[in-house]
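In full-length UniProt numbering, the protein residues as written are 1 to 194.
All C-beta atoms, glycine included, are put in the ideal place defined by N, C-alpha and C.
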């Protein structure tokens, strides 16, 4: 499978329920059996696509290595690949965990953009995030109303959202930032070769 500029072996789909993550903690709840409860099947599919976005981001970050992954490209307002991916953990945790499920989430959005660390550390944070998200989404239906409303100062859709609307917003953010990380990787790798 080609995810971030290098060939990587395809991950085997996991066919368990939302909460049945693989024993090594690295494989997400990919796929779902046909006879599974429709709500769980929908949430499994949702988590599958979130995980694909995170796997792509982490793959690009791993391509850069930890030193370069924490470097901002020489563009006004640019962020490091690590900071963007770290921000995405905050986005998913806050919007799904707090807004949808009502879980308390301690988030410092501004600090997300100055975060530094290793791809390995971040992969562990993403794995822990998916454990929380699976629990958050276990009993949620897409047509339900979220438990909380985002503060007015938060950037996001400027209309009330259903659970499905919040989920789409998170997927929108992750897809957008996955692209940002790929562009950041390409700029930094090109700069290293120059």
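Pairwise C-alpha distance: residue j and residue i
i           : j           : result
residue 83  : residue 115 : 5 Å
residue 53  : residue 175 : 6 Å
residue 18  : residue 46  : Since pLDDT at residue 18 reaches only 42, below the 50 mark, its modelled position is unreliable, and the value read off the structure follows with that caveat. Cα-Cα distance, rounded: 10 Å.
residue 102 : residue 121 : 26 Å
residue 70  : residue 109 : 18 Å
residue 148 : residue 179 : 29 Å
residue 142 : residue 57  : 26 Å
residue 190 : residue 64  : 11 Å
residue 139 : residue 38  : 11 Å
residue 104 : residue 173 : 21 Å
Host alpha helix (DSSP H) of residue i (start-end)
i           : result
residue 120 : 119 to 137
Close Cβ partners of residue i (< 8 Å) along its chain, the five nearest in sequence each way excluded
i           : result
residue 169 : 95, 156, 157 and 161
Top-ranked residue by Cα proximity to residue i, from the options
i          : options          : result
residue 43 : 134, 126 and 125 : 134
residue 90 : 128, 191 and 139 : 128
residue 77 : 173, 184 and 64  : 184
residue 85 : 61, 153 and 144  : 61
residue 97 : 159, 123 and 150 : 150
Close-in-space but distant-in-sequence residues of the same chain around residue i (CB under 7 Å, 5 per side omitted)
i           : result
residue 146 : 99, 100, 161, 163 and 166
residue 66  : 118 and 119
residue 171 : 49 and 50
residue 72  : 78, 79 and 80
residue 187 : 73
Same chain only: Cβ atoms within 6 Å of residue i, ignoring 5 sequence neighbours per side
i           : result
residue 177 : 84 and 88
residue 23  : Only weak support exists for where residue 23 lies, its pLDDT of 35 falling under 50; the value from the coordinates is given anyway. Nothing meets the Cβ criterion.
Alpha helix (DSSP H) segments (min. 4 residues) lying fully within the UniProt domain "DinB-like" (50 to 181)
Annotation note: the UniProt domain "DinB-like" (50 to 181) contains the following uninterrupted alpha helix (DSSP H) runs of length 4 or greater, listed N- to C-terminal: 81 to 92, 109 to 112 and 119 to 137.
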